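Enquirer: In our numbering, the protein residues as written are 803 to 1149. Ideal Cβ positions, reconstructed from N, Cα and C, are used throughout, including at glycine. Because the structure is a prediction, the values reported are computed rather than measured.
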Amino acid sequence: MNISSDQKEFPSHLHVVTWFSLSIATSVGGSVMLILLLASSVYHKKLAGGSTVLIAHLMLIQLLHCAVLLPILTVNSFTALTHRKDVLQLDCSVLSLIHITAIQADNWASLFLAINRYVAIVVPHFYRKLVTRNAILASLLLPWLIGVAVTLPVYFGFGGIFLWSAPCAFCAIFISGATSLYGAVFWPTLGTYVPIILMGMIYLALFGRLAAANSARRRSIDKTVLKGGAAVLLRKQERQIVIAKMLVAGYVWYSLCILPGPIILTVFPVLHSTHPMLANWINGFVTLCAFAASPFIFLALSSDYRSNIRRLVMRQEYSSAGPEGRANWEKSRPLLKDSQLNCAITG
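#1: Go through the region 889-968 residue by residue and report every complete run of the alpha helix (DSSP H) that reaches 4 residues or more, in order.
#2: Under 8 Å between the Cβ atoms of residue 863 and residue 907?
#3: Taking DSSP as the reference, what is the three-state secondary structure of residue 1009?
#4: Please report the straight-line C-alpha distance between residue 943 and residue 991, rounded to a whole angstrom.
#5: How about the region 982-998 and the region 950-961: do they share at least three Cβ pairs that are nearer than 8 Å?
#6: What does the Cβ neighbour count give for residue 876, buried or exposed, with the cut at 16 atoms within 10 Å?
#7: Looking at the structure shown, is residue 971 part of a helix, part of a strand, or coil, going by DSSP?
#8: Name the residue from 824, 879, 1008 whose alpha carbon lies nearest to the alpha carbon of residue 1044.
#9: Can you name the residues that DSSP bridges to residue 976?
#10: In three-state terms, what does DSSP make of residue 981?
#11: Could you tell me the distance, in whole angstroms, from the CA atom of residue 1080 to the CA atom of residue 909?
#12: Comparing alpha-carbon positions, which option in 917, 1062, 871, 914 lies nearest residue 825?
#13: So, with DSSP's three-state summary, where would you put residue 1061?
#14: How should residue 915 be labelled, buried or exposed, when 16 other C-beta atoms within 10 angstroms of its C-beta is the threshold for buried?
#15: Kindly provide the ranges of any alpha helix (DSSP H) runs that are 4 or more residues long and lie completely inside the region 809-864, ordered along the chain.
#16: Look at the alpha carbon of residue 933 and the alpha carbon of residue 918, and state the distance between them as a whole number of angstroms.
#17: Out of 1012, 1100, 882, 859, which has the shortest C-alpha to C-alpha gap to residue 1049?
#18: Within 8 Å (strictly less), CB to CB, does residue 938 reach chain C?
#19: Helix, strand or coil: how does DSSP classify residue 986 here?
#20: Should residue 1003 be labelled buried (16 or more other beta-carbon atoms within 10 Å of its own) or exposed?
#21: Would residue 865 and residue 833 qualify as a contact pair, given that the criterion is a beta-carbon distance under 8 Å?
#22: If you drop the 5 nearest sequence neighbours on each side, which residues of the same chain put their C-beta closer than 7 Å to that of residue 973?
#23: Can you check which of these residues, 951, 1013, 904, is closest to residue 924 by C-alpha distance?
#24: Which same chain residues end up closer than 6 Å to residue 882 when comparing Cβ atoms and leaving out the 5 residues on each side of it in sequence?
#25: Under 8 Å, do residue 1085 and residue 842 count as touching if we go by C-beta distance?
#26: Under the assumption that residue 994 contacts residue 953 (Cβ atoms under 8 Å), give the Cβ distance between them as a whole number of angstroms.
#27: Between the Cα of residue 835 and the Cα atoms of 941, 927, 868, which residue gives the shortest distance?
#28: Need the endpoints of the alpha helix (DSSP H) that residue 1089 sits in, please.
#29: May I ask you to report which of helix, strand or coil DSSP gives residue 1077?
#30: Report the three-state DSSP secondary structure of residue 1098 (helix, strand or coil).
#31: So, using beta-carbon positions, are residue 1102 and residue 831 closer together than 8 Å?
#32: Return the residue from the list 945, 1011, 1092 that minimises the CA-CA distance to residue 1047.
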């Protein structure tokens, strides 16, 4: 593999082991939780429309990062730091094309989910047009097409070049040449800043709208006895507020973890020269935390996800038990009705 020519001192063994251990532990923990959430969503609710498909798509992208792409980068860097040689023989340009395309696809997929939630709550009469088969398919494909279109020029050397950065063997972009403006400004702006800023504006407006509606509902709740359709509407509004809180919390955490990488690269590139392990921590571990923490945020803020995972585990216990074990299980823990297994995250 090609290594940038800058000669830098190797970090201490303790530093390398600490970074590697935290990265792998975070990767494993995030991957397991994402698999559980995906399994519970598929098992308890058919992926048929609304926000369910878009949320599952986001989880799959996050799983790709947690279980495949970032562990590959981590292991390659660790072997180079501990063995002082290239072990995995990876192509930095190809790996970066896939990795950064997936990050930017996640950015745009998150934006499409934010638009989906905003339309579902603020202009529900238009929502049916947003969940047609073609609209959902476009919401799944466009993030990847944008990610590829924005990153492909850099892959061919327009705006910068992907190289393994010495001594940490972390695949990074080196911005230089007549087309450096694309790599320094347009590339991160189109792939990262635009979708994240638009997302923030949408969630801010959405959360304000829901908070106002919830406040008005609370003021009038003692004056009215809710029955029938009114009670259903009330429960739907409460679910929408929970979803909004979950997505806003995820957005804030994601932004804090994702934005430092491109900002340091384009505004403070000298930091990568003075701190050799910075790319491993910021572009590796911190970026990994953006994806690995997502399922924990969902579980912390959504009782539906927690209930579905418990039910999934209970079903697995029941299925794996023998006839005698099933009889005892049914006596102590009665089976849940199928109607209780619905996940309440769709629009």
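Expert: In terms of the structure at hand:
#1: 894-924, 929-932, 935-957
#2: yes
#3: Under the three-state reduction of DSSP, residue 1009 is assigned to helix.
#4: 20 Å
#5: yes
#6: buried
#7: coil
#8: In terms of Cα proximity to residue 1044, the closest of 824, 879, 1008 is 1008.
#9: 963
#10: coil
#11: 23 Å
#12: 871
#13: Of the three classes helix, strand and coil, the one that applies to residue 1061 here is coil, per DSSP.
#14: buried
#15: Taking only runs of at least 4 residues, the alpha helix (DSSP H) segments lying wholly in the region 809-864 are 815-846.
#16: 8 Å
#17: 1100
#18: As a matter of chain content, chain C is missing from the structure shown, which is built from one protein chain.
#19: helix
#20: With fewer than 16 other CB atoms across the displayed protein chains lying within 10 angstroms of its CB, residue 1003 is exposed.
#21: yes
#22: 875, 894, 897, 898, 964, 966
#23: 1013
#24: 971
#25: no
#26: Not confirmed; about 11 Å, so no contact.
#27: 868
#28: 1089-1094
#29: Residue 1077 sits in coil when the DSSP states are folded into three classes, being neither helix nor strand.
#30: Collapsing the DSSP output to three states places residue 1098 in a helix.
#31: For residue 1102 and residue 831, no; Cβs fall outside 8 Å.
#32: 1011
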